[in-house]
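Colleague: All letters in the sequence shown, in the order written, are residues -19 to -1, 1 to 315 by mature numbering (1 follows the signal peptide of the UniProt record, and there is no 0). Virtual Cβ for every residue (Gly too), placed ideally from N, Cα, C. Mind having a look at this structure? Questions to follow.
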Amino acid sequence: MLRKLGSLLFMGYLSLAAAQNTNSTGPLNETQIQQELLNIATTFRQWPEAPLFHWPEEEGLQYESVTFQSEDGVPLEGWFFPREGSDKILLMNHPRLFNRAGLPSHLEPWATLAAPSGNNIDVNFIPDYKILHDAGYNILTHDFRNHGLSGRANGVLYSGGRYESRDVIGAIRYIRSRPDTQNMTLGLFPRCMGGNAVFHAMSRLPQEFEGIRVIVTPQPISANMSTRVDLANRGIPASYIKDLDDMVFWRTSLHLDQYSPIPAARSVTIPTFIYQVRNDLQTRPEDVQAIFDAIPIPEKKLVWIENTTRRWDGYLYFQRQPQEMLEWLERYMN
């Protein structure tokens, strides 16, 4: 039964990915449009889960497998990388679809999903941990709810960081409860959905962020923008966004506008470094600019990654060119 369900989901994702190239076959009729809207809405509740494809041993990192609870009791799985002699720790997490290890999107079914936007490449986060560990940081990284080895919750829906923010709170509390980390200087390095989750967590429980020094976050994103881009890529008129919004609401109890991190970003009070692929095929630069502009403090920086349209290049940017982010961390963590 599980194998049959997995096969059905896989076939559904193949048709979803193939639909991104429908512009070349002519305009969609109404029946086809409604089916495509249904395909998009379904991804807010169902997606192909990825294994932990890479492990710390690949970079010779010593680590501890840890488990702790989110704010609302969901069991979370993670890795703790100790750095001897360091009193600094970074909390790291991951984008949607990914997990703490990355995403093997060079393999099926993720390769077919990612190919239309050129993202059918392997994303390995282990080198990120190695760079930061060598730079003098302890690291805690974990899988979000409904990803990796962490527990399932909220009907296995994607909330754009809203419910995932409870995992951020749980991870912060875990760091502050461990005898070996509770007095360490703490910074945050969330990615994409993880950045959204941090913003939502800060807007709900600002007291939990007292004493946290810095945020580095690649590519926070608004699902209400990415779905509009998706419609355009499929040749669906923008006027159908209301139909899609209704379909998403019936599956998640959330409207697309509620997936935007912009209102929550207005609560950020910690120095924040954002970096983003400027010509990312899955969003528009004005969305990230609006997120950045909403942060109400002067201690912030936005770096655009040029000469690519692949979103995944944004996730790999740190391990390719880490210097700016390391300097930002050093400025505020010391």
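Is Asp103 helix, strand or coil when you go by DSSP?
Modeller: Strand.
Colleague: Name the residue from Phe299, Pro218, Ile243 whose alpha carbon lies nearest to the alpha carbon of Asn10.
Modeller: The shortest Cα separation from Asn10 among Phe299, Pro218, Ile243 belongs to Pro218.
Colleague: When you compare only the Cα positions, how much space is there between Arg185 and Val179?
Modeller: So the two alpha carbons sit approximately 10 Å from each other.
Colleague: Leaving aside the five residues before and after Ala116 along the sequence, list all residues of the same chain whose C-beta is less than 7 Å from its C-beta, in chain order.
Modeller: Taken in chain order, the residues that qualify are Leu307.
Colleague: Could you check where the alpha helix (DSSP H) with Gln15 kicks off and where it finishes?
Modeller: Here the alpha helix (DSSP H) through Gln15 covers 11 to 23.
Colleague: Look at Gly142 and Gly99 and say whether their C-beta atoms are less than 9 Å apart.
Modeller: No, the Cβ-Cβ distance between Gly142 and Gly99 is not below 9 Å.
Colleague: Kindly provide the ranges of any beta strand (DSSP E) runs that are 3 or more residues long and lie completely inside the region 248 to 296, ordered along the chain.
Modeller: With a minimum length of 3 residues, the continuous beta strand (DSSP E) runs that stay inside the region 248 to 296 are 253 to 258, 281 to 286.
Colleague: Hey, is Thr250's beta-carbon within less than 9 Å of any beta-carbon in chain D?
Modeller: Included in the structure is just one protein chain, with no chain D present.
Colleague: Taking all protein chains shown into account, do 16 or more other C-beta atoms lie within 10 angstroms of the C-beta of Ser86, making it buried, or fewer, making it exposed?
Modeller: Its Cβ being crowded by 16 or more others within 10 Å, Ser86 is buried.
Colleague: Please report how far the alpha carbon of Gly295 lies from the alpha carbon of Ile14, in whole angstroms.
Modeller: Taking the straight line joining both Cα atoms gives about 31 Å.
Colleague: Check whether the Cβ atoms of Ile202 and Pro242 lie closer than 9 Å to each other.
Modeller: Their beta carbons are under 9 Å apart, which means Ile202 touches Pro242 by this criterion.
Colleague: Mapping DSSP to helix, strand and coil, what is Val137?
Modeller: The answer is helix: DSSP assigns Val137 an H, G or I state.
Colleague: Assign His35 to one of three DSSP states: helix, strand, or coil.
Modeller: It is coil, neither helix nor strand.
Colleague: Output the distance between the C-alpha atoms of residue 349 and Pro29, rounded to the nearest integer angstrom.
Modeller: The structure shown does not extend to residue 349, since the chain is modelled only from -19 through 315, so no value can be given for it.
Colleague: Can the beta-carbon of Val197 be found closer than 9 Å to that of Phe254?
Modeller: Going by C-beta atoms, Val197 is nearer than 9 Å to Phe254.
Colleague: Helix, strand or coil, according to DSSP, for Gln200 in the structure here?
Modeller: Residue state, collapsed to three classes: coil.
Colleague: Out of Trp60, Ile150, Met228, point me to the one whose CA is closest to Leu121's CA.
Modeller: Comparing Cα-Cα distances from Leu121 to each of Trp60, Ile150, Met228, the minimum goes to Trp60.
Colleague: My guess is that Met228 and Leu19 are in contact by the Cβ rule of under 8 Å, so how many angstroms apart are they, rounded?
Modeller: Right, their Cβ atoms sit about 6 Å apart.
Colleague: Starting from Gly176, follow the beta strand (DSSP E) in both directions and report where the run begins and ends.
Modeller: Looking at the DSSP string, Gly176 is not in any beta strand (DSSP E); the run it does join, the alpha helix (DSSP H), is 174 to 185.
Colleague: Just the C-alpha distance for Cys173 and Asn315, rounded to the nearest angstrom, thanks.
Modeller: So the two alpha carbons sit approximately 25 Å from each other.
Colleague: Rounded C-beta distance between Lys281 and Pro303? I'm assuming under 8 Å.
Modeller: So it is not a contact: roughly 19 Å between Cβ atoms.
Colleague: Is the beta carbon of Met204 sitting closer than 9 Å to the one on Leu169?
Modeller: The sequence given here places Ala at residue 204; Met does not occur at that position. No; because the gap between Cβ atoms is not below 9 Å, this pair is not in contact.
Colleague: Looking at the structure shown, is Ile222 part of a helix, part of a strand, or coil, going by DSSP?
Modeller: It is helical.
Colleague: Straight-line CA distance for Arg259 to Glu267?
Modeller: Each residue's alpha carbon lies about 9 Å from the other.
Colleague: Tell me the rounded alpha-carbon separation between Thr3 and Arg215.
Modeller: Its pLDDT being 47, under 50, Thr3 is placed unreliably by the model, and the measurement read from it follows with that caveat. Whole-angstrom Cα-Cα distance: 6 Å.
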